[in-house]
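Peer 1: In my numbering, the protein residues as written are 162 to 555.
This is the structure, below, for whatever I ask next.
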């Protein structure tokens, strides 16, 4: 019953917010093109189809996979385009609204510094398309972020332990041929000792599941590969998601720890459907770790219990994508202030939030490039340079 209530609230919010964007573009197009009755009705029908495409795609997943795939691509590409269109159009509309108000107030004619509605619409439509192309390019080119941390908990006999983090790969129906090639190549080139996935590895059914699992399983990791669940593993079905995670060569840490040697212990906790942290299990696991061990907490969301900061040395998270498409970044940072990079949360205690390696929904990224993170753990007496956090204490 609680799960049903959450879905009802989600759908109500989705149609309220998403429907408002469609209403905005409906009004803007009608006023710019002076649509008559039948062309206006046709536009309404098309917008209703596009607005409901993501929901209909999910409903058709089981019985009509081809139609579901087509609707998924149509719905999410339109979602990205609509968001960019509205973000570009609103500032122009505000400008024209202000100029119109000033014209009336001062009784002057400033029409020469205003655009015709049709030209306004065309300019915004073209710019939104251009940003879409840029966003697709940016989403394909994964950046390598490198961090080095030293600790007196790492034995002096160890040169380094290289931990490579991927997060929010979102393997699902939006996965297209060739998308994984640069990601897999970058991971191989990094030569990880430990490879971790901090949630949302899988997002839904997709073709070539066994081949993709085999490709991930073949990735080298001298010590091992470990993963925790994200919220999308629960949406897809947690057991089915964990089966794929294991087939991909990762050991799921679902409220478990893994002693990996060299004074390092990994602790992994499940994400939850409602987003509330499983603090009880997390605290129980962390309290059992020896203070002489370097503890790495794998947790999907970049949130932490302030009372338990001293119980882990490094938390690795993802989830927020740093907004994925600017200016949505600003909204995400209000909810998750730590959503991009290394944060110093206490003396010798850190949180690293990945921007994510893949994309959710629209396969584009704008001013929030995807990343693979290389974290070198070094002994305190190594004498090697150590990267400072790119963020200040929160």
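Where is the CB? At the ideal position from N, CA and C, for every residue including glycine.
Would a C-beta distance cut-off of 8 Å place residue 190 and residue 282 closer than the cut-off?
Peer 2: yes
Peer 1: Quick check on this structure: which residue in 315, 329, 503 has the alpha carbon closest to the alpha carbon of residue 406?
Peer 2: The shortest CA-to-CA distance from residue 406 to any of 315, 329, 503 is the one to 329.
Peer 1: Could you name each continuous alpha helix (DSSP H) segment of 4 residues or more that falls completely within the region 236–320, going from the start of the chain to the end?
Peer 2: 278–301
Peer 1: Give me the residue from 270, 341, 243 with the minimum Cα distance to residue 183.
Peer 2: 243
Peer 1: Please go through the same chain and pick out, in chain order, the residues whose beta-carbon is closer than 8 Å to the beta-carbon of residue 301, but skip the five residues on each side of it.
Peer 2: 340, 343
Peer 1: Who are the near neighbours of residue 336 in its chain, counting only those whose CB is closer than 6 Å to its CB and skipping five residues on each side?
Peer 2: 367
Peer 1: What is the C-beta distance between residue 428 and residue 475, in whole angstroms, given that I count them as a contact (C-beta under 8 Å)?
Peer 2: About 11 Å; that fails the 8 Å criterion.
Peer 1: Please return the same chain residues whose Cβ sits closer than 7 Å to the Cβ of residue 451, not counting the five positions on each side in sequence.
Peer 2: none
Peer 1: With distances taken Cα to Cα, identify the nearest neighbour of residue 443 among 415, 178, 493, 507.
Peer 2: 415
Peer 1: Just mark residue 220 as buried or exposed, buried being the case when its beta carbon has 16 or more other beta carbons within 10 Å.
Peer 2: exposed
Peer 1: I'd like to know whether the C-beta atoms of residue 332 and residue 380 end up nearer to each other than 8 Å.
Peer 2: No. Outside cutoff.
Peer 1: Could you tell me which of 501, 377, 349 sits nearest to residue 514, measuring between CA atoms?
Peer 2: 501
Peer 1: Alpha carbon to alpha carbon, what distance is there between residue 284 and residue 388?
Peer 2: 45 Å
Peer 1: Is it true that the region 481–497 meets the region 524–534, where meeting means three or more beta-carbon pairs spaced less than 8 Å apart?
Peer 2: yes
Peer 1: Can you have a look at residue 261 and say buried or exposed, based on whether 16 or more other CB atoms are within 10 angstroms of its CB?
Peer 2: exposed
Peer 1: In the DSSP assignment, the alpha helix (DSSP H) including residue 371 goes from what residue to what residue?
Peer 2: 370–378
Peer 1: What are the uninterrupted segments assigned as alpha helix (DSSP H) that are 4 or more residues long and contained completely in the region 401–460, given in chain order?
Peer 2: Fully enclosed alpha helix (DSSP H) runs of 4 or longer: 440–448.
Peer 1: Touching or not, the region 489–504 and the region 270–282, by the rule of three or more beta carbon pairs under 8 Å?
Peer 2: no
Peer 1: Enumerate, from N- to C-terminal direction, the unbroken alpha helix (DSSP H) stretches of 4 or more residues contained entirely within the region 330–369.
Peer 2: 342–351
Peer 1: Taking residue 562 and residue 456 to be in contact with their CB atoms under 8 Å, please state how far apart those CB atoms are, rounded to whole angstroms.
Peer 2: No statement about residue 562 is possible, as the shown extent of the chain runs from 162 to 555 and does not include it.
Peer 1: Name the one or two DSSP bridge partners that residue 511 has.
Peer 2: According to DSSP, which records beta bridges pairwise, residue 511 is partnered with 475, 505.
Peer 1: According to the neighbour-count rule (16 or more other Cβ atoms, all chains shown, within 10 Å of its Cβ), is residue 239 buried or exposed?
Peer 2: With 16 or more neighbouring CB atoms inside 10 Å of its own CB, residue 239 falls in the buried class.
Peer 1: Give the single residue among 286, 536, 540, 171 whose Cα lies nearest to the Cα of residue 354.
Peer 2: 536
Peer 1: Just the Cα atoms here: how many angstroms apart are residue 554 and residue 494?
Peer 2: Interpretation of residue 554 is limited by its pLDDT of 42, a score under 50 that renders its predicted location unreliable; no figure is taken from the coordinates.
Peer 1: Straight-line CA distance for residue 507 to residue 465?
Peer 2: Rounded to the nearest angstrom, the gap between the Cα atoms of residue 507 and residue 465 is 12 Å.
Peer 1: Less than 8 Å between the C-beta atoms of residue 204 and residue 232, yes or no?
Peer 2: no
Peer 1: Can residue 490 and residue 327 be called in contact, C-beta distance under 8 Å?
Peer 2: no
Peer 1: Rounded C-beta distance between residue 309 and residue 539? I'm assuming under 8 Å.
Peer 2: Contact check for residue 309 and residue 539: beta-carbon distance about 6 Å, within the 8 Å limit, so the pair qualifies.
Peer 1: Just the Cα atoms here: how many angstroms apart are residue 263 and residue 252?
Peer 2: 17 Å
Peer 1: Do residue 409 and residue 374 have their C-beta atoms within less than 8 Å of each other?
Peer 2: yes
Peer 1: Using DSSP with H/G/I as helix, E/B as strand and the rest coil, what is residue 226?
Peer 2: helix
Peer 1: What residue range does the alpha helix (DSSP H) around residue 203 cover?
Peer 2: 198–220
Peer 1: Can you tell me the Cβ-Cβ gap for residue 512 and residue 478, rounded? I've got them flagged as a contact below 8 Å.
Peer 2: 7 Å
Peer 1: Going straight from the alpha carbon of residue 400 to that of residue 222, what length do you get?
Peer 2: 18 Å
Peer 1: In three-state DSSP terms, what is residue 525?
Peer 2: Collapsing the DSSP output to three states places residue 525 in coil.
Peer 1: Give me, in chain order, the residues of the same chain whose beta-carbon lies closer than 7 Å to that of residue 289; leave out the 5 immediate sequence neighbours on both sides.
Peer 2: 242, 245, 246, 249
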